[in-house]
Ligand SMILES: Cc1cc2nc3c(=O)[nH]c(=O)nc-3n(C[C@H](O)[C@H](O)[C@H](O)COP(=O)(O)OP(=O)(O)OC[C@H]3O[C@@H](n4cnc5c(N)ncnc54)[C@H](O)[C@@H]3O)c2cc1C
């Protein structure tokens, strides 16, 4: 017999698990499928090299879903200040939570912490089912809905399938949805480092010629670095021994956090700009990196995905409450209209910032730094940018505003 659900979500990463939790809270019969069972426990001293800066809007979503508490228990780090430097031109920007109504600008959290806390909540929701390992190998439209085929031969059915299977989304390809974009020929090198000076609950970002270098504060006093480099440089730096790597990193950092004492494992991720030409099809929607991939320089990719998840869940729950079928294309069109424009604006902003900071012509560099200093002295503009970066924008899904959608 085929297992039948109202909604199947493929991909149980941060974004898919968020959508599943929201639907589960709304009493929707939802199945969350992932090829792997996510890590739920790890040695207490270890740190995941994948870390995300979460906005206030994302925090609101995760709090309402009941995942935030589990994240706090495992460890989150609030950052209260953000300092941005232009290494070549000397411009500086300083964002301080004291200029907002909040006690912090955001939080740094290991990706595995977010996923584990969401999966813990899912286990408590009666209408949610988690299936792992479940590798989706086929997708088909039937008279009753969408049929999802797993590589082990199992077949599942749902009224709606949501793909949250990441930037290489196999489901997006199965649906014939094309992507537009380009390779940045840059990589994001990530690692955890111990610094001589305290990070002071501050996110430090220095724009260098090849791309920004960020030192992001962690709960245990260490920093997570995200260093955008040309792909070839990243490859060379991955091959260095720890001592030589720390030396080039310390030099690049300009000593903002003093001497760099230790570094853990390193990894580099190729960076690109990519968006799906359509977010929806019949009984089908894309969310998260499956729909859009942006430059990580302001740490907004997962935050955008959380908003996709909150938006689609709100529309599905409303459609069911109004006793309309999930085969209705109207709510899917609303979802696409709601999220695609917002994501494109964010992606384009990241793209422009990345390009602006790669320019090295002296007159342009002077103008750029003068512009940064001007923004720094203009309270209103700084407050606007601060709120935008914190995810506090117009037209947010209810969960992101701190309101339940069920
Ligand atoms: C260097 C770097 C730093 C970043 N920093 C930040 C940051 O600070 N803040 C921020 O908001 N964002 C950041 N991002 C972006 C963020 O990491 C991504 O946007 C986010 O991980 C996307 O989550 P997702 O759930 O959409 O996809 P993924 O995390 O890719 O999850 C996809 C899931 O789908 C599963 N899957 C795939 N195919 C199948 C299949 N066929 N069947 C079943 N399961 C399948 C996978 O196992 C996986 O669990 C950063 C990105 C990079 C590269």
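Numbering (our numbering), first residue to last: 50 to 455.
Every residue, glycine too, gets a C-beta built ideally from N, C-alpha and C.
Computed from a predicted model, the values in this text were never measured in an experiment.
Query                                                                                              : Result
Test item: CB-CB of residue 166 and residue 119 under 7 angstroms                                  : yes
Terminal residues of the alpha helix (DSSP H) in which residue 162 lies                            : 160-171
Meets three-Cβ-pair contact criterion under 8 angstroms: the region 139-149 and the region 414-424 : yes
Opposing strand residues paired with residue 433 [DSSP bridges]                                    : According to DSSP, residue 433 bridges with nothing at all.
Range of the contiguous beta strand (DSSP E) that encloses residue 234                             : 228-244
Residue 115 versus residue 170 - alpha carbon distance                                             : 7 angstroms
For residue 63, the nearest candidate out of 247, 350 and 397 (CA to CA)                           : 350
7 angstroms Cβ shell around residue 307 - same chain, five flanking residues per side excluded     : 244, 245 and 246
Unbroken beta strand (DSSP E) run spanning residue 58, endpoints                                   : 52-59
Cβ-heavy atom distance, residue 213 to ligand 1, below 6 angstroms                                 : yes
For residue 133, the first and last residue of its enclosing beta strand (DSSP E)                  : 130-135
Under the three-state DSSP convention, the category residue 418 falls into                         : helix
Beta strand (DSSP E) segment containing residue 324, residue limits                                : 316-325
Cross-strand partners of residue 155 (DSSP beta bridge)                                            : 128
Residue of 208, 52, 204 and 214 minimising C-alpha distance to residue 358                         : 214
Exposure of residue 410, with buried meaning 16 or more beta-carbon neighbours within 10 Å         : exposed
Residue 458 versus residue 320 - alpha carbon distance                                             : The question about residue 458 has no answer, for the chain in this structure spans 50 to 455.
Assigned secondary structure, residue 118 (DSSP; H/G/I helix, E/B strand, else coil)               : helix
First and last residue of the uninterrupted alpha helix (DSSP H) at residue 302                    : 291-302
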